[in-house]
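A.B. asks:
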Amino acid sequence: MGHGSGPARPEFRAKRRRAITYFKSLSAAGFAATAIAFGPARMGFGLFVPEFRDDFALSTTLVGIVSSVGFFGFLLGLVFAQLLLLRRGPEAPVLTGLTCATLGIALVALAPNVWVLALGVCLAASSAGFDWTPFNDAVSRKVQAGWQPVALSGISSGTAIGIALAGTCALGMVLFGLSWRIVWAGFAVAAALVLIGNWAALRQVERAADTAIDWRTVLRRDAIPLYVVGFVFGIVSANYLSFAADHMRSRGGPPGLPVKAIPAAIFVTYGLFGLSGLLTESVTRRVGQTWLLRALMVSGAVSLALVVLAPGTWWGFVASAGLQGIHVMMVSAVLSFWCARIFPALPSLGFTAALVVTAIGSVLGPALGGIVSDSFGPAALFLGSAAFPALAALWLRAEHARPAKAQGTAHA
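Quick look at the structure:
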């Protein structure tokens, strides 16, 4: 004991100090990257749709197309992030994503026409795809197991905080009479600073030893319910983000709230309620994944329906934005837990596959939703979108949450 314990202690302390350093640096870097990528970069277009309508003469169909272009960028980011992650480690996709965020946001700020606007939205939104899964990989390899849930929760909270802060900036634009271009220029500066911070935090995180990638491993029957929920989730979240704020503003909003401040108030409420995502794991343990998913699908349906059924009341306004925030953040967390159970040996690739299906729903939803709204009215858009999660809630069964035994062990 005496010979072994003395020399081991300094080494143990050094390893522990490095683990704590990674915990702090990766948590902070991931929080900032997520706040930028999922705040102004991915959600910013929907937040500023009224201003874009005025400056670029956008119809609802064109709003849907530009939004879908942005979510297509998110889809591309997810696919290329996985390739970069396996070949070069987490630094490459994260820095690529934050570079895209900086350039895309700057393009939006300077856009002279709708085509440059769409390119900027696409580039900016791709950052969310690039920056999501690499931090899961970095934390799983560099942070002690007991601290990993804390680190990942802190990183994921950046989404809700980023959305709330973007909404607060939009509210400041209204209160101080600023141009939306100035606000987006500020977003670009913030993205550049976060890019520098992440370069410093991730440059010592090497790639994983295994560089193999085989997408066939995620094409499994017991993963079908996961992909169905992901697809529906993509439609719900994308259509809400693309159209809800603009529609509520057109209806005048609740009494006492300035019309121009309505989109900002929606996104601030959305982000603050979205912090409930931090409770997902504990809620899942108490009620089970199936019942939680049913409740979240219902919350998504009610959130969409309230946009057209009660946009002029405070309770409808807050409930719609709040339920959507809860829906988005908690479903995102459930998808990650679900993937870890179905693909225990390939959690990053499995999660990417689920997010790709989600992104496909996000691309199709706004493009078709804008056409439906212009052809049949906004009620058809929002109530039709609400039907998807309502049907998913009725369809979900307890066995959907459990991986098949034979398949569940095949890749372990």
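This note's numbering puts the first residue of the sequence shown at 9, with every later residue one more than the last.
Every residue gets a Cβ at the ideal spot worked out from N, C-alpha and C, and that includes glycine.
Bear in mind that the values here come from a model prediction, so they are computed numbers and not experimental data.
Is T321 helix, strand or coil by DSSP?
C.D. replies: coil
A.B. asks: So for R211, helix, strand or coil by DSSP?
C.D. replies: coil
A.B. asks: In angstroms with no decimal places, state the Cα-to-Cα distance between D230 and R410.
C.D. replies: 8 Å
A.B. asks: With distance defined between alpha-carbon atoms, name the residue in L357, E289, V371, L402 nearest to R302.
C.D. replies: L402
A.B. asks: Count Cβ pairs between the segment 41-55 and the segment 347-356 that sit closer than 8 Å; are there 3 or more?
C.D. replies: no
A.B. asks: Flag this pair as touching only if the segment 316-328 and the segment 95-109 have three or more C-beta atom pairs under 8 Å; answer yes or no.
C.D. replies: no
A.B. asks: Quick one: what's got a C-beta closer than 7 Å to A387's C-beta in the same chain, skipping five residues either side?
C.D. replies: Excluding sequence neighbours, A387 sits near V316.
A.B. asks: Counting along the chain, where does the alpha helix (DSSP H) carrying S187 start and finish?
C.D. replies: Counting along the chain, S187 falls outside any alpha helix (DSSP H), and DSSP gives it neither H nor E.
A.B. asks: Do V147 and V364 have their beta-carbon atoms positioned less than 8 Å apart in this structure?
C.D. replies: Not in contact: V364 and V147 (Cβ atoms no closer than 8 Å).
A.B. asks: Inspect the beta-carbon positions of I274 and A246 and report whether they are closer than 8 Å.
C.D. replies: With contacts defined by Cβ atoms closer than 8 Å, I274 and A246 do not form a contacting pair.
A.B. asks: Note the first and the last residue of the continuous alpha helix (DSSP H) segment covering Q90.
C.D. replies: 68-96
A.B. asks: For P271, report the span of its alpha helix (DSSP H) as first-last.
C.D. replies: 270-282
A.B. asks: Spatial neighbours of A117 within its chain, please: C-beta separation below 7 Å, excluding the five flanking residues on both sides.
C.D. replies: R189, W192, A193, A196
A.B. asks: Is the segment 42-61 close to the segment 71-84, with three or more CB pairs under 8 Å?
C.D. replies: Cβ pair count under 8 Å is three or more, so yes.
A.B. asks: Rounded to the nearest angstrom, what separates Y278 and F325 at their Cα positions?
C.D. replies: 10 Å
A.B. asks: How about L343 and S307: do their beta carbons lie closer than 8 Å?
C.D. replies: In this structure, L343 keeps its C-beta atom at 8 Å or more from the C-beta atom of S307.
A.B. asks: Give the list of continuous alpha helix (DSSP H) stretches no shorter than 4 residues that lie fully inside the segment 125-182.
C.D. replies: 141-150
A.B. asks: Can you tell me where the alpha helix (DSSP H) holding S393 begins and where it ends?
C.D. replies: 386-403
A.B. asks: Using the Cα positions of I163 and S35, report the straight-line distance between them to the nearest angstrom.
C.D. replies: 6 Å
A.B. asks: Span of the alpha helix (DSSP H) holding V102?
C.D. replies: 99-118
A.B. asks: Closest by CA to G170, which one among G378, G333, I379, S356?
C.D. replies: G333
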